[in-house]
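J.:
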Amino acid sequence: MSTLVAPSVLASDFANLQSEIEMLNESSADYIHIDIMDGVFVPNISFGLPVVEAINVHAKKPLDVHLMIVNPDQYLKSFSDAGASVISVHLEACPHLHRTIQAIKELGCKAGVAINPHSSVELLRDIIRDIDQVIVMSVNPGFGGQKFIEHTYAKVRALKAIITASGAETKIEIDGGVNLENAPKLIDAGADILVAGSFVFKSSDPSKTIAELKEL
Ligand code: DX5
Ligand code: ZN
Numbered sequence: 079m080s081t082l083v084a085p086s087v088l089a090s091d092f093a094n095l096q097s098e099i100e101m102l103n104e105s106s107a108d109y110i111h112i113d114i115m116d117g118v119f120v121p122n123i124s125f126g127l128p129v130v131e132a133i134n135v136h137a138k139k140p141l142d143v144h145l146m147i148v149n150p151d152q153y154l155k156s157f158s159d160a161g162a163s164v165i166s167v168h169l170e171a172c173p174h175l176h177r178t179i180q181a182i183k184e185l186g187c188k189a190g191v192a193i194n195p196h197s198s199v200e201l202l203r204d205i206i207r208d209i210d211q212v213i214v215m216s217v218n219p220g221f222g223g224q225k226f227i228e229h230t231y232a233k234v235r236a237l238k239a240i241i242t243a244s245g246a247e248t249k250i251e252i253d254g255g256v257n258l259e260n261a262p263k264l265i266d267a268g269a270d271i272l273v274a275g276s277f278v279f280k281s282s283d284p285s286k287t288i289a290e291l292k293e294l
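First residue of the sequence shown: 79, per the numbering used here; consecutive thereafter.
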């Protein structure tokens with residue numbers, strides 16, 4: 079299976095969001111990654127539901143919504159209604175993760191769990207078969223443009239072993255500081271989906287950069 083690419087619109091030009099989405103539609107991107115930050119779970123505020131709805135009007139690719147918010151349960155239906163295909167919640171924000179995962183699936187969305195750099199992938203072993211994707215954070219969530227954390231490779235290998243041992247079909251998505259240098263090593267370690275914000279949108283030809291990531 080070829081690598082899947084999910085450009086993060088956090089790094090896009092918000093003043094020209096429609097044309098950015100149209101560029102992604104024409105590109106080889108597989109998903110549109112949307113970062114929701116509440117200023118509580120993470121020390122930054124990005125944007126909310128009206129912006130997701132606006133993106134959904136133009137998007138021809140599935141919306142991969144990454145919730146960096148406390149109490150995500152109370153907003154799951156709203157994000158599903160706004161057009162999310164995949165909803166990922168943070169392990170660190172969910173005391174009843176199994177219940178939250180079931181609620182996402184009942185809405186007809188794929189369910190993802192994101193884990194912070196300090197959280198062990200072992201915490202997912204007992205729930206891995208219920209999860210469609212794990213977002214392994216390769217930076218501390220809250221900002222685009224941060225430096226990739228090298229320990230991520232070891233985490234991806236450990237997570238891949240858990241997935242294989244349990245017979246699950248869970249996909250591994252990497253989020254933060256992804257570029258053409260670390261991407262081959264991430265794929266080698268077991269990554270299925272690469273999120274890339276700055277590396278795509280700050281490049282001279284974003285569509286070409288997406289194609290280069292996909293070709294790996
Ligand atoms: C970080 C976000 C990422 C971010 C990635 O909190 O979850 O999705 O947009 O941006 P880059 O690729 O610039 O690190
Ligand atoms: Zn993200």
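C-beta atoms are modelled at their ideal positions from N, C-alpha and C, and glycine is treated no differently.
#1: What separation, rounded to the nearest whole angstrom, lies between the Cα atoms of L141 and S244?
#2: Sorted by chain position, which residues of the same chain lie with C-beta nearer than 6 Å to I179's C-beta, five sequence neighbours on each side aside?
#3: Who sits around the ligand ZN, taking every residue whose Cβ is closer than 6 Å to one of its heavy atoms?
#4: Report all residues from its chain with a CB closer than 6 Å to the CB of G220; omit the five preceding and five following residues, and keep chain order.
#5: Is any heavy atom of the ligand DX5 found at a distance shorter than 7 Å from the C-beta of Q211?
#6: What first and last residue would you give for the beta strand (DSSP E) that runs through P85?
#7: State the beta-bridge partners of H111 as determined by DSSP.
#8: Is L258 near the ligand DX5 - that is, is its Cβ less than 7 Å away from at least one heavy atom of it?
#9: Check whether the Cβ atoms of I67 and K249 sit closer than 8 Å, and answer yes or no.
#10: What does a CB cutoff of less than 7 Å around S276 pick up in its chain, not counting 5 residues either side in sequence?
#11: Checking the sheet assignment: what are the DSSP bridge partners for L272?
#12: Short of 8 Å in beta carbon distance, which residues of its chain neighbour K225, apart from the five on each side in sequence? Order them along the chain.
#13: Within the chosen definition, does the region 281-288 reach the region 99-109 through at least 3 CB pairs nearer than 8 Å?
#14: Can the beta-carbon of V212 be found closer than 8 Å to that of S86?
#15: For I133, which of D151, M146, G117, H111 has the nearest alpha-carbon?
#16: Tell me whether V148, by its Cβ, gets closer than 7 Å to a heavy atom of the ligand DX5.
#17: Is the beta carbon of H144 closer than 8 Å to that of D113?
#18: Near H176, what residues of its chain come up, given a Cβ to Cβ distance below 8 Å and the 5 sequence neighbours on each side ignored?
#19: Considering only DSSP beta bridges, list what S282 is partnered with.
#20: Hey, is A107 close to the ligand DX5, as in C-beta under 7 Å from one of its heavy atoms?
#21: Could I get the ranges of all uninterrupted alpha helix (DSSP H) runs contained in the region 180-247, with 4 residues as the minimum, in chain order?
T.: Let me lay it out:
#1: 28 Å
#2: A189, D208
#3: S86, H111, D113, H144, D253, V273
#4: V120, P121, N122
#5: no
#6: 82-85
#7: S86, D142
#8: no
#9: Missing from the structure shown is residue 67; the chain here goes from 79 to 294 and no further.
#10: A89, G222, G223
#11: V83, I252
#12: V217, G255
#13: yes
#14: no
#15: H111
#16: no
#17: yes
#18: I205, D208
#19: In DSSP, S282 forms no bridge with anything.
#20: no
#21: 230-244
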